[in-house]
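Participant: Please read through the structure below; I'll follow up with questions.
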Amino acid sequence: MGMTRTFKSGDYLEGMLSDYVGGGGKGSNKHTKTAPPPSRSSAAASSARLVTTLTCLQFAFAVYATFLLYYMSPTIDLRTKPDFAWASRVAHAWKRHFFIPPHVVGRYQESAASLVREQQDITAASVVPSQVCEHEKIDFLQKKSTDSAMIKLKRELYDEVLNFQGTTIGTESLVQLMGMKSRWDIRNPIRPKVTVILNHFKRKTLCAQLDSLLRQTLPFHHVWVLAFGSPNEESLKRIVESYNDTRISFVSSSYDFKYYGRFQLALQTEADLVYIVDDDMIPGRKMLQILSHVAGTEKYKNSVLGSIGRILPFRQKDFTFPSYRKFRSKEAGIYLPDPAYDITVDKIVQVDFLSSSWFLSAELVRTLFVEAPLTFTTGEDLHLR
């Protein structure tokens, strides 16, 4: 009766390893006269081939890793030429066929790049604002109305608003406002950080704005000049660079973010307060000090402050508001200030929305984006209210 020997996979591998480790010790025993089975010899041969193959692969990987470390290292000194020409040729061939070349800059290249940057900095620093500034005169004096009936109507409406607010919430003059206790009083040891955002498109008022901001009694923290879809992007950039002030930055985009872009950027500020200004507003030298002081009072800490605003009229039956230019209409509301009708503002007034400038705490900016705007065809001033 013949007997067939079968091996499990585990027994087969165990036999291969025992033959490799034992080195044929059993076969060298003098008392052993019987030859090993043929299957054991073939297993030993297979084990030897496996070990040889693994050894070759390990050596090839070591050579590959050596070349890889040599050419991927960023500390290569390109001025020296090591005597490994053959290795360099092989490694370069591998690099061309198998690797994505990294951006490794040699010392000579770094020196050249630094010289170029220094030359650009010197060129930018040598340009002064007077060489690149453009000026545009803004006529703040509006035409006076000659319609006595309209002047009387608007003035009476404004007086009515002042009387109502004076008896309900109170209206303070500038002297009274500056006399109120404020967290951001300029006499306090800790002064507020104010980020000013200047939104520009076509007007040539940037230099006038920057000059005014540099003369503020309360220094600004940062000024961000925005040019979203502006045809004057290059000239605005040159003006910002000519001031050579690290606090003044230029932000541009070919896409026009329209009304909400400046408020979206205001979300990135690390300052305490944000002052967003249109390109038709030139702030006075005490503007930041006054606005910061008022924003630091307990009464107005959650308010949005500005210098131009509008009180909306009552909504009409068709759910629309009439234009403030509607002729001889008391329902048209009030635009403040409005020199055309002899309306000047000498006290703080609560309005429905502001125009041209917005001063608020950085935390309040987030409230603008709590609700999605119903439309982007109207300004953010209506949405902010």
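Numbering (the numbering used here), first residue to last: 985 to 1369. Yeah, the Cβ is synthetic: ideal placement off N, Cα and C, and Gly gets one too. Given the structure is predicted, the values throughout are model-derived calculations rather than measurements.
Is GLU1118 closer than 8 Å to SER1233 when the C-beta atoms are compared?
Facilitator: In this structure, GLU1118 does not lie closer than 8 Å to SER1233 by Cβ.
Participant: Considering only their Cβ atoms, is the gap separating GLY1280 from ARG1350 smaller than 8 Å?
Facilitator: Contact: no.
Participant: Please list the terminal residues of the continuous alpha helix (DSSP H) segment that includes ILE1170.
Facilitator: ILE1170 -> no alpha helix (DSSP H), and no H or E assigned at all.
Participant: For the alpha helix (DSSP H) containing LEU1116, name the first residue and the last one.
Facilitator: The sequence given here places Val at residue 1116; Leu does not occur at that position. Looking at the DSSP string, the run of the alpha helix (DSSP H) that includes VAL1116 is 1113-1116.
Participant: Mind checking ASP1067: buried by the 16 CB within 10 Å criterion, or exposed?
Facilitator: For ASP1067, the pLDDT reaches just 48, beneath the cut-off of 50, and the residue's location in the model is therefore unreliable, although a value from the coordinates is still provided. Exposed, by the Cβ-count rule.
Participant: Tell me whether LYS1301 is buried or exposed, calling it buried when 16 or more other Cβ atoms sit within 10 Å of its Cβ.
Facilitator: Flag for LYS1301 reads exposed.
Participant: My output table needs one value for TYR1259: the three-state DSSP class, helix, strand or coil.
Facilitator: Strand.
Participant: DSSP state of LYS1127, grouped into three classes?
Facilitator: Here LYS1127 sits in coil by DSSP.
Participant: Between the Cα of ASP1326 and those of ALA1029, ALA1133, SER1110 and LEU1038, spot the shortest distance and give me the residue it belongs to.
Facilitator: Here the closest residue by C-alpha is ALA1133.
Participant: Which word fits PHE1343, buried or exposed, when buried means at least 16 other C-beta atoms lie within 10 angstroms of its C-beta?
Facilitator: Looking at its Cβ environment, which holds 16 or more other Cβ atoms inside 10 Å, PHE1343 is buried.
Participant: Do the stretch 1173-1186 and the stretch 1246-1259 make contact, defined as three or more Cβ pairs closer than 8 Å?
Facilitator: Result yes; three or more Cβ-Cβ pairs closer than 8 Å.
Participant: For ARG1063, does the three-state DSSP call read helix, strand or coil?
Facilitator: The predicted model places ARG1063 with a pLDDT of 45, which falls under 50 and marks its position as unreliable; any figure quoted below should be read in that light. Three-state result, ARG1063: coil.
Participant: What are the start and end residues of each continuous alpha helix (DSSP H) run of 4 or more residues lying completely inside the stretch 1197-1282, in chain order?
Facilitator: With a minimum length of 4 residues, the continuous alpha helix (DSSP H) runs that stay inside the stretch 1197-1282 are 1217-1227, 1245-1250 and 1271-1279.
Participant: Alpha carbon to alpha carbon, how far is VAL1145 from VAL1335? Give it in angstroms, no decimals.
Facilitator: Distance between the alpha carbons of VAL1335 and VAL1145 is about 10 Å.
Participant: Run through the stretch 1312-1348 for me and flag every whole alpha helix (DSSP H) of 4 or more residues, listed as ranges in chain order.
Facilitator: None, since the stretch 1312-1348 contains no complete alpha helix (DSSP H) of that length.
Participant: Got a sec? Which residues, its chain only, sit under 7 Å from LYS1188 by beta carbon, not counting five neighbours each side?
Facilitator: Excluding sequence neighbours, LYS1188 sits near GLU1118, HIS1119 and GLU1120.
Participant: ALA1290 by DSSP, collapsed to three states: which one?
Facilitator: Residue 1290 is actually Gly in this sequence, not Ala. In this structure, GLY1290 counts as coil in the three-state DSSP scheme.
Participant: What three-state label does DSSP hand VAL1180 in the structure shown?
Facilitator: Residue state, collapsed to three classes: strand.
Participant: Return the CA-CA distance between THR1130 and SER1236, expressed in angstroms with no decimal places.
Facilitator: For THR1130 and SER1236, the distance between alpha carbons rounds to 44 Å.
Participant: Grab the span of the alpha helix (DSSP H) containing THR1151 for me, first residue to last.
Facilitator: 1132-1152 is the extent of the alpha helix (DSSP H) around THR1151.
Participant: Please go through the same chain and pick out, in chain order, the residues whose beta-carbon is closer than 8 Å to the beta-carbon of THR1201, but skip the five residues on each side of it.
Facilitator: Answer for THR1201: ILE1170, ARG1269, LYS1270, LEU1272 and GLN1273, listed in chain order.
Participant: Where SER1226 and LYS1283 are concerned, what is the direct C-alpha to C-alpha distance, given to the nearest angstrom?
Facilitator: Roughly 41 Å separates the two Cα atoms.
Participant: Under a Cβ-count criterion, where at least 16 other Cβ atoms within 10 Å of its own Cβ denotes burial, should LEU1190 be classed as buried or exposed?
Facilitator: Label assigned to LEU1190: buried.
Participant: May I have the straight-line CA-CA distance separating VAL1111 from VAL1224, to the nearest angstrom?
Facilitator: Taking the straight line from one Cα to the other gives about 11 Å.
Participant: Measuring only the C-alpha atoms, how far is ASP1122 from ASP1264?
Facilitator: One detail in the question is off: residue 1122 reads as Ile in this sequence, not Asp. Going by the C-alpha atoms only, they are around 7 Å apart.
Participant: Where do the ends of the alpha helix (DSSP H) carrying VAL1159 lie?
Facilitator: Its alpha helix (DSSP H) spans residues 1158-1163.
Participant: Just mark GLN1193 as buried or exposed, buried being the case when its beta carbon has 16 or more other beta carbons within 10 Å.
Facilitator: Buried is the call here.
Participant: Among LEU1289, ARG1033, LEU1358 and LEU1161, which residue has its Cα nearest to the Cα of LEU1370?
Facilitator: Here the chain comprises residues numbered 985 to 1369, so residue 1370 is not present and cannot be evaluated.
Participant: What separation, rounded to the nearest whole angstrom, lies between the Cα atoms of PHE1051 and LEU1041?
Facilitator: Each residue's Cα considered, the two are about 15 Å apart.
Participant: Just tell me which of PRO1321, LEU1352 and GLU1347 has its CA closest to the CA of ARG1139.
Facilitator: When only C-alpha atoms are compared, the closest one is PRO1321.
Participant: Is the shortest distance between the beta-carbon of THR1351 and the beta-carbons of chain C less than 8 Å?
Facilitator: The structure shown contains no chain C; it holds only a single protein chain.
Participant: What number of angstroms, rounded off, separates the C-alpha of LEU1257 from the C-alpha of VAL1329?
Facilitator: Approximately 24 Å between the Cα atoms of the pair.
Participant: Hey, would you say ILE1332 sits closer than 8 Å to THR1155, going by beta carbons?
Facilitator: In contact: ILE1332 and THR1155 (Cβ atoms closer than 8 Å).
Participant: Give the C-beta separation of ALA1324 and LYS1127 to the nearest angstrom, bearing in mind that I take them to be a contact with Cβ-Cβ under 8 Å.
Facilitator: The pair is a contact, with the Cβ atoms about 6 Å apart (cut-off 8 Å).
Participant: Is it buried or exposed for LEU1352, if we count other Cβ within 10 angstroms and need 16 for buried?
Facilitator: LEU1352 should be labelled buried.
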